[in-house]
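In this note's numbering, the protein residues as written are 8 to 234.
Where a beta carbon is used, it is the ideal one built from N, C-alpha and C, also for glycine.
Working notes, structure below.
Shown next as structure tokens:
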């Protein structure tokens, strides 16, 4: 079985600076990530706890491919270049919900300092355990009808999410120190706006398929493309 990720960037369009601003024009990175090759089979997990509500088994679909466009959903695209401007704009909390014995969304992306809000809609107890590397970020029991729990993301990186009560539940929370990131939609499409011109390293990450990097140049006052 041979699998590969194909990155097709539709275009890098540079904005036109306002006559009232002296700032350099910013750019936009937009594109689509598609999947080619044989699809990975779904996994089936047996459920031995709270099966009256959760069911006796569940299907885990780690790789979600659009049937027509072959777009790959849930891919994190980010800029890894240094000296990127930060954002001081207030940010709404990120929400991670325990719902019908699964975490939604499967992948959460945000910025350092942003609040992560953990919720539960289920009538059974979940234990949401989030770690950054070997260190626990938060470990909280979500009993039925419990109030949401909030905690700020203090460090960048990939946070691993699991439920200690239901071992088949998994998710990821990824925190960046800048606002230049995006998550592909059901068609595999993404866009990153307000990029400063110059050379940038683009990082592409999927929780099952791994990572890939590609350099791209956004010229000031012009356009660039990446195929």
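Considering just the uninterrupted stretch of the beta strand (DSSP E) at residue i, what are its terminal residues?
i	result
residue 170	164-170
residue 189	188-190
residue 87	First-last for residue 87: undefined, no H or E at that position.
residue 41	34-44
residue 51	50-53
residue 156	156-159
residue 118	114-118
Rounding to the nearest angstrom, what Cα-Cα distance links residue i and residue j in this structure?
i	j	result
residue 185	residue 91	7 Å
residue 207	residue 131	46 Å
residue 26	residue 48	The predicted model places residue 26 with a pLDDT of 36, which falls under 50 and marks its position as unreliable, so this point remains unresolved.
residue 191	residue 107	24 Å
residue 56	residue 126	20 Å
residue 199	residue 64	38 Å
residue 32	residue 225	10 Å
residue 143	residue 169	11 Å
residue 103	residue 52	22 Å
residue 196	residue 81	10 Å
residue 62	residue 112	20 Å
residue 163	residue 72	28 Å
residue 140	residue 194	31 Å
residue 43	residue 153	43 Å
residue 214	residue 205	29 Å
residue 133	residue 180	18 Å
Please state the DSSP three-state secondary structure of residue i.
i	result
residue 60	helix
residue 100	coil
residue 93	coil
residue 4	Not covered by the structure: residue 4. The range shown for the chain is 8 to 234.
residue 127	strand
residue 227	coil
residue 83	strand
residue 29	Model confidence at residue 29 stands at a pLDDT of 44, short of 50, so the residue's coordinates are unreliable; what they give is reported in the following sentence. Coil.
residue 111	strand
residue 173	coil
residue 132	coil
Comparing the CB of residue i with every heavy atom of the ligand MN, is any distance shorter than 7 Å?
i	result
residue 184	By its list of ligands, the structure shown contains no ligand whatsoever, and the ligand MN lies outside what it can speak to.
Could you tell me which residues DSSP pairs with residue i in its beta bridges?
i	result
residue 66	51
With a floor of 3 residues, list each beta strand (DSSP E) that falls wholly inside the segment 180-225, ordered by position along the chain. Counting only runs of 3 or more, we get 188-190, 196-202, 205-213 and 217-225.
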